[in-house]
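Asker: Take a look at the following structure, please.
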Amino acid sequence: MPRAPSLIELGRVTRGHGIRGELKVDGAPALIEALPGIKRVVIVPASPHPRATEHFGALVGFAARVRQCRLHQGAALLLADGVDTRNDAEALRGARIHVRTSDLPRLDAGEYYAHDLIGLRVIDVAGAEIGELADVLATGANDVYVVRSADGERLLPAIESVVRAIDLAAGTMTVIIPEGL
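Numbered per this note's numbering, the sequence shown spans residues 185 to 365.
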């Protein structure tokens, strides 16, 4: 199974908010909801920026301590060290907000981040190979797992009656495929 990346993208700065330098960050709902528990982020500006001097693999940006983060109308409003005014925030419009996977908040038992699941071998309860989990789609009622195989894609609802076991150490997800899928 591929290792989880050391940095994952949480979202993109769409604009500044207010006069204190808050960054409005849009992204996948599950990741945006995790943002208030994060203490440090990596900001990768969309255009040249004087603070973007650190290399994070192929990305160039800067690490910043999160002073405050709150959810607002489906987005996150993030106050980060060194972004103190609306002008500072506007200069980061389009920037990508990343977090080190080690800085993500711990989840309860049975909960997983999407990046932990992508790449798992998907098997049925008899042990037959179904494919590889390629993507996790956030929908209103429940997530949907995109499973790819040589036969194409299959969409499986992420519900207890379908997903019977997840074993990250073994790199497998065991499922029961409902009739008609």
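Even glycine gets a Cβ: it sits at the ideal position worked out from N, Cα and C.
1) Residues in its own chain within less than 6 Å of CYS203 by CB, not counting five upstream and five downstream?
2) I'd like the list of long-range same chain contacts for ILE360, defined as Cβ closer than 8 Å, with 5 residues on each side in sequence excluded.
3) Could you check what DSSP says for PRO232 in three-state terms: helix, strand or coil?
4) Can the beta-carbon of HIS256 be found less than 8 Å from the beta-carbon of ILE192?
5) Is DSSP giving ALA298 helix, strand or coil here?
6) Run the CB neighbour count on ARG290, radius 10 Å, all protein chains shown included, and call it buried at 16 or more, exposed below.
7) Give the C-beta separation of THR356 and LEU304 to the nearest angstrom, bearing in mind that I take them to be a contact with Cβ-Cβ under 8 Å.
8) Are VAL306 and LEU317 touching if we call contact CB-CB under 8 Å?
9) Bridge partners for THR356 per DSSP, in chain order?
10) For ASP210, which three-state DSSP category applies?
11) Quick check on DSSP: helix, strand or coil for ILE216?
12) Can you tell me which of the three DSSP states ARG270 falls into?
13) Thinking just about the alpha-carbon of each residue, which of VAL330, ILE350, GLY221 is nearest to the one in LEU263?
14) Short of 6 Å in beta carbon distance, which residues of its chain neighbour ILE350, apart from the five on each side in sequence? Order them along the chain.
15) So, VAL226 versus PHE240, is the Cβ gap smaller than 8 Å?
16) Could you tell me if ARG280 is buried or exposed, where buried requires 16 or more neighbouring beta carbons within 10 angstroms of its beta carbon?
17) For GLY211, which option in ALA218, LEU194, ARG224, LEU219 has the closest C-alpha, if you only look at C-alpha atoms?
Answerer: Result, derived from the coordinates:
1) For the sequence presented, residue 203 should be read as Ile rather than Cys. Correct list, in chain order: ARG270.
2) If we look at ILE360 and ignore the five residues flanking it on each side, its Cβ neighbours are ASP308, VAL309, SER345, VAL346, ARG348.
3) Of the three classes helix, strand and coil, the one that applies to PRO232 here is coil, per DSSP.
4) No, they are not a contact pair.
5) Helix at ALA298.
6) By the 10 Å Cβ count, ARG290 comes out exposed.
7) The pair is a contact, with the Cβ atoms about 6 Å apart (cut-off 8 Å).
8) For VAL306 and LEU317, yes; Cβs fall inside 8 Å.
9) ARG305, ASP351.
10) Strand.
11) It is helical.
12) Reduced to three states, the DSSP call for ARG270 is helix.
13) Closest in alpha carbon position to LEU263, among VAL330, ILE350, GLY221, is GLY221.
14) Only MET357 meet the Cβ criterion.
15) Cβ distance < 8 Å, so VAL226 and PHE240 count as in contact.
16) By the neighbour-count criterion, in which 16 or more other beta carbons inside 10 Å mark a residue as buried, ARG280 falls on the buried side.
17) Closest option to GLY211, judged by alpha-carbon separation, among ALA218, LEU194, ARG224, LEU219: LEU194.
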